[in-house]
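Enquirer:
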Amino acid sequence: MAFSLKIMSIFVASLGVISFVLGVIAENNKPASGTPIVGKDVVICKYPSDPTVFLGYLATGFLMASTFVGYSSLFYPYKGKEVPKSAMFQNTTFSVFFNIAWLTGGFAAALLLWPTITEQLHLTHNIHYDLKTTCPTAKTGVLGGGAFLSLDSALLWLVTLMLANNAREDYFAENKVESMELTTAA
1 MAFSLKIMSI FVASLGVISF VLGVIAENNK PASGTPIVGK DVVICKYPSD
51 PTVFLGYLAT GFLMASTFVG YSSLFYPYKG KEVPKSAMFQ NTTFSVFFNI
101 AWLTGGFAAA LLLWPTITEQ LHLTHNIHYD LKTTCPTAKT GVLGGGAFLS
151 LDSALLWLVT LMLANNARED YFAENKVESM ELTTAA
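Here the sequence shown is numbered in this note's numbering, starting from 1 and rising by one per residue.
#1: Just grab the DSSP bridge partners of Val142 for me.
#2: Go through its chain and collect everything with a Cβ distance to Met64's Cβ below 6 Å, but skip five positions before and after it.
#3: When the distance is taken between beta carbons, is Ala154 closer than 8 Å to Gly16?
#4: Taking the alpha carbon of Cys135 as the reference point, which residue from Thr35, Gly146, Val42 has its own alpha carbon closest?
#5: What residue range does the beta strand (DSSP E) around Val43 cover?
#6: Run through the DSSP bridge pairs and tell me what Ile127 is partnered with.
#7: In this structure, how does DSSP classify Val159 when only helix, strand and coil are distinguished?
#8: Take Asn29 and list the residues in its own chain whose beta-carbon comes closer than 8 Å to its own, dropping the five residues that flank it on each side.
#9: Beta strand (DSSP E) containing Thr35: first to last residue?
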């Protein structure tokens, strides 16, 4: 099956929206804190069962899939016509949005993974020797911020894909003009 620009755009957008939705659901299901159970010289934190860790990792996976498909779609040889990467990066706007899309995806991954890993550590290391512990959870709002950045990343990959299409058209138009000049000169 040959991929078209439209199909690749739908893949990137869909994966980004799924990552966003999973991240927001993970943020909304995150418990405020655990319940401390005081024992002799130890506090055991009991946390309610919630899907935050699973949804956080799932949101990160969909973000990475969106980023992979977004990157791959830029240099895919649509209709069998390949464009050199150097020709694409001659377009300044494409280069700027390409780098911004990568950075946004990286920040989104960091903001999705940080609270997810922290929450997982809180759930697995729930025995504390400080009797004043309050059974903390991951920082509130960071996972939701990562979800929004995940959506932003997917949208920036879409903009970059449109700019890549413009760069492709410019490349083929320039090569057509050059080949016509060579044939008329001969």
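Beta carbons are placed, not taken as given, at the ideal position from N, Cα and C, and that holds for glycine.
Expert: This is what the structure holds:
#1: In DSSP, Val142 forms no bridge with anything.
#2: Closer than 6 Å at the Cβ level, and outside the excluded window around Met64, lies no residue.
#3: Cβ distance < 8 Å, so Gly16 and Ala154 count as in contact.
#4: The residue with the shortest Cα to Cα distance from Cys135 is Thr35.
#5: That run of the beta strand (DSSP E) goes 43-46.
#6: Ile44, per the DSSP bridge assignment.
#7: Residue state, collapsed to three classes: helix.
#8: Closer than 8 Å at Cβ, skipping near neighbours: Asp50, Pro51, Thr52, Leu55.
#9: 35-38 is the span of the beta strand (DSSP E), which, as asked, contains Thr35.
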